[in-house]
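Trainee: I am attaching a structure below and will ask some questions about it afterwards.
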Amino acid sequence: MSIRYNAENGVISLETRGTLYQMQADDYGMLLHIYYGRKLAGEDAVRLLRYTDRGFSGNPYTRTNGRGYSADTLPQEYGGCNTGDYRVSAVSLVLADGSRGAELLFEDYEILEGKYTIPGMPYVRAGASRPQTLRVRLRDRVSGLAADLYYGVFEEEDVITRTVCLINEGTEPITLEKAASMSIDFPFAPEGGFEVMHFHGRHCMERIPERLPLGRGVVSFGSMRGMSSHHNNPFAILCAPVTTEDAGECYGFMLAYSGNHKEEFEVDQAGSTRVTAGIAQENFSWRLAPGECFFAPEAILSFSAEGFNGLSHCFHRILRRNVIPERFAGLKRPVLVNSWEAMYMDFNADKLLKLAADAKALDMDMLVLDDGWFGKRDRDDSGLGDWYVNEKKLGCTMKQLAEKVNALGMKFGLWVEPEMISEDSDLYRAHPDWAVCDPGRKPVLSRNQLVLDMSREDVQEYLFEALGRILRDAPISYLKWDFNRAVANVYSNALPKDRQGEFSHRFVLGTYALLERLAESFPEVMIEGCAGGGGRFDAGMLYYCPQIWCSDDTDPVERLEIQRGTSYGYPACSMGAHVSASPNHQTGRQTPFGLRGMTAMAGTFGYELDPGKLSDAEKEQVREQIADFRRYDRLLREGRYYRLGNHPELSDHQAWMVAAEDGSEALLTAVITHVRANGPFIRICLKGLDASAVYRVAAYRISGVTFEKTAVGETYGGAALMYAGISLPLLYGDYPSVQIYFKKER
Ligand code: GLA
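In our numbering, the protein residues as written are 3 to 748.
This is how it looks when you write it as structure tokens:
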């Protein structure tokens, strides 16, 4: 039983393999957060609750037994608003009479087998796990607003999911202005205070970790771009100052949501820390007529007492097994060649078929035709929305092209950017009101394009028909689903003026609805998410797309940072990563082919170049890389990924590894980011091996120059590899790297 209710003291315990989460419905009706952390051998932590009279922290009117009872000082599970808790609130609303209060008090609870679902939105699926659901009902007795707090408890996975359903059970409409997915209070901080790690970035440099001490006041991260964004990922970690990659406590909070979001961290007057996460409050409102309800996006929580790597393993596992569509979870990912950096928009069928044939000769699996194949689209200022094939440019139909690619033994994939529209398009000329723009203004242009109003059903219908036609007409195995600008001028011509605050969330729901319909009609088509690279890299998109293009920056040295940052929350098998040409198209940096292969192997692996332009030696390397990737495919997809070392920015190298869960094999990759003359030796301690086993070095690849002999065939004890480590050979050249494959021998 992972959920328990103690009738004596009202404590509800959610237990997973390594964690305990406790709340208490007290006799007044406040739902107090008691504890989240390591298990307590069956006990509860209710003795940690403290009551004291803090000046200017008021007391509920009917709570007559003293001034020590205050919504402002007690740890809340999901507090109300305008009722005496002055910290960052979980909800904010306006009632029909203009008042703005809600006192959310406990009413009842229910424990259910299985996992709750969320209509129209992504959530962690039950899958092969055996989750339980806790539903706790809170209610504001004046307005009739009910808040159903849902908790999904994934025992084996050490994950707790949360969402809230707000229901208007009153007789008058209620306007929500904030509806957080979760709120949690930590009354006690670790020695030195909590720190928060968040993942900021920009186009071509996404998910860069930044770790900050939390002082008094509120720190928040989020996006108002209509997308989860390159700039602030909807994932953050709360940790102790002493927490490292491999030791110490940390909590992860991740939203399964792709639109505007906000994560807030507040340290209050007494040092208590509140974390809330959900749809951003700015520009948001939602009208709830009597009888209507509103579901907040799902939040995924995990706790690790084994540092950030331990936390990452929990997130990787739940995303891989319970969020990514099951039909793709165990599937070998195709090694693809993408036409974008190979030929941009300058192609026709002959060039593409040559690309496919050259790729096939090197053993690749799929050709992806990127931007430029539809409508009038030779530049990026026209054509979006006109999802019909430019046969004149191609020189044939899409069906003919795809069939010829198939005949070469290659699968065929296609790029689309459904949520966008160009002013210079037939679609815009026919439906200018489908483009997002507020009345009387000229819209903000970005990459010369406008955004389609995805909140409209007619727009969704148009896209479903248009994409469906393409998918039915030609044998297409894969779509790359792009989104190349942020949303501005938010306004829908289809919404009444007092409901415009619903636009941004309805936009996201519209995209999800379209993705859902396409998945139902074309389940075999794999969709790779993309948004100018990794601008919508979130668990919401992963629910539909098993992989997401990680960044438009394909420089392997830059990718070291991007992929490492991404790996805190997201598994390697979700990170789109390709070998591209050198000099790199984004940075102009020249890097060895071997390094490019090894970094792309920390993701889904593929090529973003014209194989016909490679030298014979490089072609040989492609063959080897693909053979390596196929050999390690399962290990890379299902193994535990470890970041090695805590401060790559202070070091001359960067290393990571993947170890099979049962310790049977492991792949170590290390890149020397700064080669030094007469440099020091580098030692690397491995992780996740079986300490008592013996491992053989079954493969050893070096990219770069060394004068030392490599250790293929040598054997090491698991304990020796983990605690004494291995010393790398001295390596020379530009960005030399090594990849060592260990196989358990006995
Ligand atoms: C975005 C993508 C690229 C490419 C271009 C095409 O920037 O991230 O990979 O598809 O669009 O316009």
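Even glycine gets a Cβ: it sits at the ideal position worked out from N, Cα and C.
Computed from a predicted model, the values in this text were never measured in an experiment.
1. Can you say whether THR275 is buried or exposed, counting buried as having 16 or more other CB atoms within 10 angstroms of its CB?
2. Do you know how far the Cα of ASN491 is from the Cα of SER729?
3. Looking at the unbroken alpha helix (DSSP H) that takes in ARG639, where does it start and where does it end?
4. Compute the Euclidean distance between the alpha carbons of GLN462 and ARG598, then round it to the nearest angstrom.
5. Helix, strand or coil, according to DSSP, for PRO558 in the structure here?
6. So, is CYS316 buried or exposed, given that buried needs 16 or more other C-beta atoms within 10 angstroms?
7. Run the CB neighbour count on ALA98, radius 10 Å, all protein chains shown included, and call it buried at 16 or more, exposed below.
8. Would you say ASP484 touches ligand 1, meaning its beta carbon is less than 8 Å from a heavy atom?
9. Can you list, in chain order, the residues of its chain whose CB lies under 7 Å from that of ALA47, leaving out five sequence neighbours each side?
10. DSSP state of PHE485, grouped into three classes?
11. What residue from VAL144, ALA533 and VAL161 has the CA that sits closest to PRO175's CA?
12. Counting pairs of Cβ atoms below 8 Å between the segment 537-556 and the segment 574-587, do you hit three or more?
13. Shortest alpha-carbon distance to GLY719 belongs to which of GLU251, GLU622 and VAL696?
14. Is any beta-carbon of chain B found at less than 9 Å from that of VAL453?
15. Find the nearest neighbour of ALA128 within the set LEU95, ALA361 and GLY154, judged by alpha-carbon distance.
16. Whole-angstrom Cβ separation of LEU147 and ALA104, contact assumed at under 8 Å?
17. Can you tell me which of ASP440, LEU646, GLN451 and PHE709 puts its alpha carbon nearest to the alpha carbon of LEU733?
18. Using 10 angstroms around the beta-carbon of CYS547, count the other beta-carbons present and answer buried if the total reaches 16, otherwise exposed.
19. For PRO420, which option in LEU454, GLY81 and PRO682 has the closest C-alpha, if you only look at C-alpha atoms?
20. For PHE505, I'd like the list of residues in its chain whose CB is within less than 7 Å of its CB, leaving aside the five on either flank, ordered along the chain.
21. Any heavy atom of ligand 1 closer than 8 Å to the Cβ of TRP375?
22. Have a look at GLY82, LYS394 and ILE5 and flag the residue whose alpha-carbon is nearest the alpha-carbon of ILE186.
23. Check ARG598 in the structure and name its three-state DSSP category.
24. Hey, quick one: how far does the beta strand (DSSP E) through ALA27 stretch, first residue to last?
25. Got a sec? Which residues, its chain only, sit under 6 Å from SER306 by beta carbon, not counting five neighbours each side?
26. Between which two residues does the alpha helix (DSSP H) carrying GLU393 extend?
27. Go to GLY512, then tell me how far its alpha helix (DSSP H) extends in each direction, as first and last residue.
28. What would DSSP say about TRP342, mapped onto helix, strand or coil?
29. Which value, in whole angstroms, describes the spacing of the CA atoms of ILE326 and ARG69?
30. So, for ARG137: in the same chain, excluding its five sequence neighbours on each side, which residues have a beta-carbon less than 6 Å away from its beta-carbon?
31. Mind checking who THR717 pairs with in its DSSP beta bridge?
32. Could you check whether ASN235 and PHE196 sit closer than 9 Å to each other, using their CB atoms as the reference points?
33. Starting from the C-beta of GLU79, find all residues in its chain whose C-beta is less than 6 Å away, skip the five residues before and the five after it, and write them out in chain order.
34. Looking at C-beta atoms only, is the number of pairs between the segment 564-576 and the segment 640-659 that lie closer than 8 Å three or more?
35. Can GLY203 be considered in contact with ligand 1, in the sense that its beta carbon sits closer than 8 Å to one or more heavy atoms?
36. Hey, quick one: how far does the beta strand (DSSP E) through CYS295 stretch, first residue to last?
Mentor: The structure says:
1. buried
2. 56 Å
3. Going by DSSP, ARG639 is part of the alpha helix (DSSP H) stretching over 618-640.
4. Using only the alpha carbons, I get a separation of about 39 Å.
5. helix
6. buried
7. Answer is exposed; the Cβ neighbour count stays below 16.
8. yes
9. GLN24, ILE36 and TYR37
10. coil
11. VAL144
12. yes
13. VAL696
14. Considering every chain present, this structure includes no chain B. It has just one protein chain.
15. GLY154
16. The pair is a contact, with the Cβ atoms about 6 Å apart (cut-off 8 Å).
17. PHE709
18. buried
19. LEU454
20. Around PHE505: SER457, VAL492, TYR493, SER494 and LEU497.
21. no
22. GLY82
23. helix
24. 21-27
25. CYS252, GLY312 and LEU313
26. 393-396
27. Counting along the chain, the unbroken alpha helix (DSSP H) around GLY512 starts and ends at 505-523.
28. helix
29. Separation of ILE326 and ARG69 (C-alpha to C-alpha, rounded to the nearest whole angstrom) is 50 Å.
30. GLU112, ASP150 and TYR152
31. ARG698.
32. Result no, Cβ atoms of PHE196 and ASN235 do not sit closer than 9 Å.
33. MET25, LEU33 and HIS35
34. The answer is yes - the segment 640-659 touches the segment 564-576, with three or more Cβ pairs under 8 Å.
35. no
36. 295-297
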